[in-house]
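Numbering of the sequence shown is given in our numbering, commencing with residue -18 and proceeding in unit increments.
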Amino acid sequence: MATLVLLMGQTPVSYAAEDGLPESRYTATTTLFSDLTHTRYEDDNNTRAGAGINGDVGAAFTSGPHSLNGRYGASLETARSSVGRSNDDNFWLRGSSSYNYFEPGSRFDFNAGHTIRSVRNDTGFAVDNFDYDTQNAVSAGAGVNFYPGDLTTFRVSGQGGKTWEEGDVPDGESVSANATLTRQVSELSSVFLMATRAWEEQEDTNDITIDSASVGLQSMLEDGSFNLSTGLSRAESNGFENEAIIGSLERIWVTDLANTRFSYDRSQSSTLLDLALGPISGPSFEDEFSIRYQGVTVRDQVTLSHRSSRFCDLCTVSVVAQVAKDEEVATSDEIWEYLAGLGVGFEVSDLKTLDVDYRWEADALEERGQIDDEIHRFSVTYRHRLTELASWGTSFETAVTRGVTDEEEYRAKVFVTLGWDGMESAW
């Protein structure tokens, strides 16, 4: 007989079923909010009062080899300006869903998914919450597994994807084929050899083909994991051909009180392939995406993140730092991207939490040491749980851009949230 556990906030809400029975989780939340925003752009000052509602519903179901996970939401906001500009009324959708059929040791697996999200098509930083387009992406794929030995697996798979968006952005289609040979060399380690071919087709542009092959090691350790790979990638289109060395290195340390991750990744891909064939995951319900249409790029990225509760009994500290270089294959143009963030969460009491977050992002468009565009974001959020089903809170946020645009935004917000949140996914 299933039992229902009902808690407020981000604590999982789930049906705990007996072994062998289907398991399900769900979420249903609604937030009412009112805010006051002051924006300063050069000599132009604007104060805007707004109110709105947002909410989301979702469910996750697992039964044997079948799993279905979906979550969708909507936001409706209206704002009135103090300087006589046109009033801003905003409605947008976001969410994703995915279906997977996978059973360990079986010959066949299948997946399909859909994502809808807000995107920006410019390469600069912006603080205007009303300036975005809505993009849809669907993806589906299947794989066949062969077991030539007790320790060896050979997998052949294919994946197809399609994207479409508002406005004049052309639709795109992508297909990839993959073959992977995996050999277990110890109880916790395995090596693999992988080859992939991907095709991209977009309206009014040249078709692109990317071939890649790599060899790697995956190992679980007592304190985390270690992964390593290296290989070659070749991109071809009517206008160019390019070969690049690719590879990755990842080390994760896990303890009872901390989690640390260091990674380096070098890859050759395209924006459309990343969007259509990448993992189907839920977009953030608070942040908007920034997408850069650069065609085929070779990307080097180094990331270091750390999350710890060692510093005090009632707080959690999160730190992230990232440096990346994108080189556009067709033109050899380079963009350096920088990111740094610090977050501290305080559990003031069983019913009260306080979160303080700072995030800095920057671009260097010509020289890696010369920042051409940057944005600073700082927020403080207080939340008070009233009952198992309701909470209220307030937040203060600032966003400052420097470089391509000089703009400042200050926002105070009060909100009330009703409902359950029991999805175990990174939304």
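Beta carbons are placed, not taken as given, at the ideal position from N, Cα and C, and that holds for glycine.
Taking Tyr7 as part of the beta strand (DSSP E), name the residues at either end of that continuous run. Its beta strand (DSSP E) spans residues Glu4 to Tyr22.
If we count Cβ pairs, one from each stretch, closer than 8 Å, do we get three or more for the region 325 to 336 versus the region 365 to 379? yes
Where does Tyr113 fall in DSSP's three states? coil
If contacts are defined as beta-carbon pairs under 8 Å, then Asp307 and Thr278 qualify, I think. What distance do you get, rounded to the angstrom? 5 Å
According to DSSP, residues forming a beta bridge with Ser321: The displayed chain sequence assigns Ala, not Ser, to residue 321. Ala321 is bridged to Ala302 and Trp341.
Counting along the chain, where does the beta strand (DSSP E) carrying Asp70 start and finish? For Asp70, the enclosing beta strand (DSSP E) covers residues Asp69 to Tyr82.
For Phe173, report the span of its beta strand (DSSP E) as first-last. Ser170 to Gln183
Gln282 versus Ser79: straight-line alpha-carbon distance, rounded: 28 Å
Secondary structure of Ala55, DSSP reduced to three states: strand
Coil, strand or helix - Val329 by DSSP: coil
In terms of residue numbering, what span does the beta strand (DSSP E) encompassing Thr43 cover? Asp25 to Ser44
Nearest by alpha-carbon distance to Ala225: which of Glu342, Ser248, Asp353 and Val361 is it? Ser248
Which residues DSSP lists as bridging Ser87, in chain order: Partner(s): none; Ser87 has no beta bridge.
Going by alpha carbons, who is nearest to Asp69 out of Ala380, Tyr339, Gly94 and Glu58? Glu58
Check for me: the beta strand (DSSP E) holding Ser195 runs from which residue to which? Ile189 to Leu202
Per the contact definition of three or more C-beta pairs closer than 8 Å, is the region 112 to 127 in contact with the region 138 to 149? They touch, by the three-pair rule.
Selected residue, minimal CA-CA separation from Phe89, among Phe127, Val196, Arg61 and Thr28: Phe127
How big is the Cα-Cα spacing for Ser206 and Ser286? Distance between the alpha carbons of Ser206 and Ser286: 15 Å.
Grab me the residues of Arg21's own chain with a C-beta within less than 6 Å of its C-beta, minus the 5 sequence neighbours each way, in chain order. Glu389
What residues are listed by DSSP as bridge partners for Val100? Asp114
Under DSSP, the beta strand (DSSP E) around Val279 begins and ends at which residues? Val277 to Ser289
For Asp354: DSSP bridge partner residues: Under the DSSP definition of a beta bridge, Asp354 partners with Asp344.
Within 10 angstroms of its Cβ, does Phe72 collect 16 or more other Cβ (buried), or is it exposed? exposed
Over what stretch of residues does the beta strand (DSSP E) that includes Ile141 continue unbroken? It is worth fixing the name first, because residue 141 is Gly in this sequence and not Ile. Unbroken beta strand (DSSP E) run through Gly141: Thr133 to Glu146.
Here's a check: name, in chain order, each residue in its chain whose Cβ is nearer than 7 Å to the Cβ of Glu435, leaving out the five neighbours to either side. Nothing in the structure corresponds to residue 435, since the chain is present only between -18 and 408.
Using a 10 Å radius around the Cβ and a threshold of 16 neighbouring Cβ atoms, would you call Asp16 buried or exposed? buried
Is Ser214 closer than 9 Å to Thr190 when the C-beta atoms are compared? When the beta-carbon positions are compared, Thr190 and Ser214 stay at least 9 Å from each other.
Tell me the DSSP secondary structure of Phe377 in three-state form. strand
Which term fits Asn92, buried or exposed, when burial requires 16 or more other beta carbons within 10 angstroms of its beta carbon? buried
Beta-bridge pairing of Thr211 - partner residues as DSSP gives them: Val196 and Gly228
Extent of the continuous beta strand (DSSP E) run through Ser313: Looking at the DSSP string, Ser313 is not in any beta strand (DSSP E), and its letter there is neither H nor E.
Candidates Val395, Leu370 and Phe83: closest to Ser376 by CA position: Val395
Are the Cβ atoms of Val300 and Val337 separated by less than 9 Å? no
As a quick exercise: from Thr18, Pro3, Glu328 and Thr8, pick the residue whose alpha carbon is nearest that of Tyr391. Thr18
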